[in-house]
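Colleague: In the numbering used here, the protein residues as written are 151 to 264. Each residue gets a CB set at the ideal place from its N, CA and C atoms; glycine is no exception. None of these values were measured; they are calculated from a predicted model. Encoded as structure tokens, here's the structure I'll be asking about.
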Ligand code: 5GP
């Protein structure tokens, strides 16, 4: 079975513009940005969505969240603020079956959905 797009990005088989990485997490620019800054933060391990994680994934999920302010700092938006979004499943419009956090910033992001 072919690996998902983000697995192939982690492996370097599909190129990406890397922003930040650790042993377990990779952040790279979204190919189709919806804000001046639009970066995807993903676990290097393939995790399809939040429904498929288990207690065994606690450490990686912690790493993923802890990466967010590190990435924001690297992008220079830690203090000005940023929005993070996880689309999970069909009704949320999740297109890539690999958990990813969208980090949006670089302007006033306007009305909140919630
Ligand atoms: P989703 O809709 O699953 O929450 O978000 C998937 C995101 O991945 C989209 O914002 C889309 O632009 C981005 N994306 C899809 N394919 C690629 C790719 O090959 N490279 C990069 N950098 N981003 C991608």
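1) Take residue 180 and list the residues in its own chain whose beta-carbon comes closer than 8 angstroms to its own, dropping the five residues that flank it on each side.
2) Using the Cα positions of residue 248 and residue 220, report the straight-line distance between them to the nearest angstrom.
3) Quick one: give me the first and last residue of the beta strand (DSSP E) that residue 155 is part of.
4) On the DSSP bridge list, what partners appear for residue 235?
5) Buried or exposed: where does residue 141 fall if 16 or more other Cβ atoms within 10 Å of its Cβ makes it buried?
6) Can you determine whether any heavy atom of the ligand 5GP sits closer than 6 angstroms to the C-beta of residue 244, and answer yes or no?
7) Is it the case that the Cβ atoms of residue 216 and residue 192 are separated by a distance below 7 angstroms?
Modeller: According to the structure shown:
1) Position 30 of the chain shown, counted from the start, is the residue given in the question as residue 180. Closer than 8 angstroms at Cβ, skipping near neighbours: 188, 189, 190, 252.
2) Locating residue 248 in the chain shown gives position 98, where the first residue counts as 1. Locating residue 220 in the chain shown gives position 70, where the first residue counts as 1. Rounded to whole angstroms, residue 248 to residue 220 spans 21 angstroms at the Cα level.
3) Sequence index remark: in the chain shown, residue 155 carries index 5 (1-based). First-last for residue 155: 155-160, but that is the alpha helix (DSSP H), not the beta strand (DSSP E).
4) Against the chain shown, residue 235 aligns to sequence position 85. Paired residues: 252.
5) With the chain covering 151 to 264 only, the question about residue 141 has no answer from this structure.
6) As a working mapping, residue 244 is identified with position 94 in the chain shown. Yes, Cβ of residue 244 sits closer than 6 angstroms to a heavy atom of the ligand 5GP.
7) Working through the chain shown from its first residue, we reach residue 216 at position 66. Working through the chain shown from its first residue, we reach residue 192 at position 42. For residue 216 and residue 192, no; Cβs fall outside 7 angstroms.
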